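**Q** Residue numbers (this note's numbering): 18 to 402. Note that CB positions come from ideal geometry on N, CA and C, so glycine has one too. Since the model is a prediction, treat every value here as computed from it, not as a measurement.
Below, the structure is given as structure tokens:
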């Protein structure tokens with residue numbers, strides 16, 4: 018077939034450009050002008066949000082444990098120093114322990130002893146509106162998140178819109194802190210024991226046999242749970258510790274990273290923490306405590322032989338080999354954490370959610386006729402491990 022005729026230079030400009038530009042009349046059409054204006058405003062909003070996020074006074078204290086680290090006077094002093102307030106307003110989120118009063122008392126005692134005001138926000142089975150909660154976040158100098166069941170807390174917050182209030186608080190200079198679940202929550206995701214039955218709101222959940230033996234109760238697996246994405250990458254708290262299922266977390270985290278090899282990660286020992294202040298970070302290592310760093314600054318799986326530390330972790334996507342590097346005492350934030358190459362969610366999330374449902378039923382040890390040993394085991398989670 019013959020090619021279409023070419024437009025000659027003698028033809029009107031409008032004829033030569035008709036396929037590329039709207040007719041002149043369309044430019045003055047109110048609908049078209051509104052569409053263009055909306056696109057411009059959306060692009061401007063995205064630019065402003067990205068600029069604000071880049072310049073936000075980012076302040077976080079991420080500990081490898083909740084109960085252990087938060088009970089230390091030094092930890093309280095470090096968090097208060099980060100906030101710049103001696104008598105800070107502390108907002109406590111105990112969602113991961115189902116608003117346990119015992120956990121709150123344990124993890125906030127040090128702040129009360131320093132004349133801080135502690136306000137609990139209970140949302141495990143209550144559903145306040147964003148408008149009702151916002152003044153609490155605006156008033157707080159510090160938001161403290163308990164340890165416990167990470168997945169339950171994260172899902173509950175997403176339902177209520179708390180993740181947005183936390184991000185607003187961060188941009189206003191509020192310190193976000195916590196350990197264990199209260200450390201994972203700030204990241205894209207983390208290595209979690211959220212499928213441990215004794216961590217459920219009403220253990221052992223609707224599907225497991227309440228007369229399980231101790232061995233059966235401890236037959237659970239770690240999973241990757243999502244966080245709220247304030248920090249990039251994956252976090253593994255208690256990195257040097259063996260869980261009640263008899264599995265060393267550092268070893269299991271390596272296997273998990275091979276299944277989620279698109280993400281970069283940090284492993285934080287039980288008695289360690291990372292302090293993030295703007296574009297810089299520092300590492301806390303409690304003196305005299307066990308950890309995974311041996312005398313030669315190498316990794317040891319026997320934490321009785323080492324001191325606490327933090328490790329930067331990455332899996333080679335081609336070979337599956339783990340690259341583990343000890344994090345220095347101080348450095349730049351972008352040298353510690355990097356955005357994921359790609360993210361794959363765990364296929365066990367829905368199973369975990371069904372076993373520990375957000376059903377509005379308050380936590381109760383009497384919900385099932387549990388053996389005494391289960392009730393004793395349960396207490397560890399009610400204190401926010």
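(1) Span of the alpha helix (DSSP H) holding residue 125?
(2) Excluding the 5 residues preceding and the 5 following residue 390 in the sequence, name in chain order all residues of the same chain whose CB lies nearer than 8 Å to its CB.
(3) Beta-carbon within less than 6 Å of residue 112's beta-carbon, same chain only, minus the 5 sequence neighbours each way: which residues are those?
(4) Does DSSP put residue 324 in a helix, a strand or coil?
(5) Take the Cβ of residue 16 as the centre, count every other Cβ of all protein chains shown within 10 Å, and call the residue buried at 16 or more, exposed below.
(6) Roughly how far, in whole angstroms, is the beta-carbon of residue 277 from the beta-carbon of residue 266, given that I think they are within contact range, below 8 Å?
(7) Per DSSP, what are the beta-bridge partners of residue 264 in this structure?
(8) With a 10 Å radius around its C-beta and 16 neighbouring C-beta atoms as the bar for buried, classify residue 287 as buried or exposed.
(9) Which ranges would you report for the beta strand (DSSP E) in the stretch 195 to 233 if only whole runs of at least 3 residues count?
(10) So, using beta-carbon positions, are residue 318 and residue 283 closer together than 7 Å?
(11) According to the Cβ coordinates, are residue 46 and residue 106 closer than 7 Å?
(12) Starting from the C-beta of residue 210, find all residues in its chain whose C-beta is less than 7 Å away, skip the five residues before and the five after it, and write them out in chain order.
(13) With distances taken Cα to Cα, identify the nearest neighbour of residue 293 among 109, 366, 204.
(14) Quick check for students: name the residue ranges of the beta strand (DSSP E) that lie wholly in the stretch 77 to 157, counting only runs of 3 or more.
(15) Measuring CA to CA, which of 192, 154, 164 is closest to residue 179?
(16) Can you check DSSP and say which residues form a bridge with residue 349?
(17) State the Cα-Cα distance for the pair residue 198 and residue 249, rounded to the nearest angstrom.
(18) My assumption, with CB atoms under 8 Å, is that residue 326 sits in contact with residue 343. Please give the rounded CB distance.
(19) Using a Cβ-Cβ cutoff of less than 8 Å, which residues in the same chain neighbour residue 370 once the five nearest sequence positions on both sides are dropped?
(20) My output table needs one value for residue 304: the three-state DSSP class, helix, strand or coil.
(21) What is the DSSP secondary structure of residue 179, counted as helix, strand or coil?
(22) Can you say whether residue 320 is buried or exposed, counting buried as having 16 or more other CB atoms within 10 angstroms of its CB?
(23) For residue 302 and residue 89, I'd like the C-alpha separation in whole angstroms.
(24) Is the Cβ-Cβ distance between residue 403 and residue 109 less than 7 Å?
(25) Name, in chain order, the residues that DSSP records as bridge partners for residue 359.
(26) For residue 127, count the other beta carbons within 10 Å of its own beta carbon; 16 or more makes it buried, fewer makes it exposed. Which is it?
**A** Reading it off the structure:
(1) 118 to 129
(2) Confidence in residue 390 is poor, its pLDDT being 43 and thus under 50, which makes the residue's placement unreliable; the coordinate value appears in the next sentence. Taken in chain order, the residues that qualify are 231.
(3) 140, 141, 170, 173
(4) strand
(5) For the chain, the structure presents residues 18 to 402; residue 16 sits outside this window and is missing.
(6) The Cβ separation is near 15 Å, so there is no contact.
(7) Partner(s): none; residue 264 has no beta bridge.
(8) buried
(9) 204 to 209
(10) no
(11) no
(12) 216, 239, 260
(13) 204
(14) 106 to 110, 134 to 137
(15) 154
(16) 297
(17) 16 Å
(18) 6 Å
(19) 168, 172
(20) coil
(21) helix
(22) buried
(23) 12 Å
(24) With the chain covering only 18 through 402, there is no way to say anything about residue 403.
(25) Residue 359 pairs with nothing; no bridge assigned.
(26) buried
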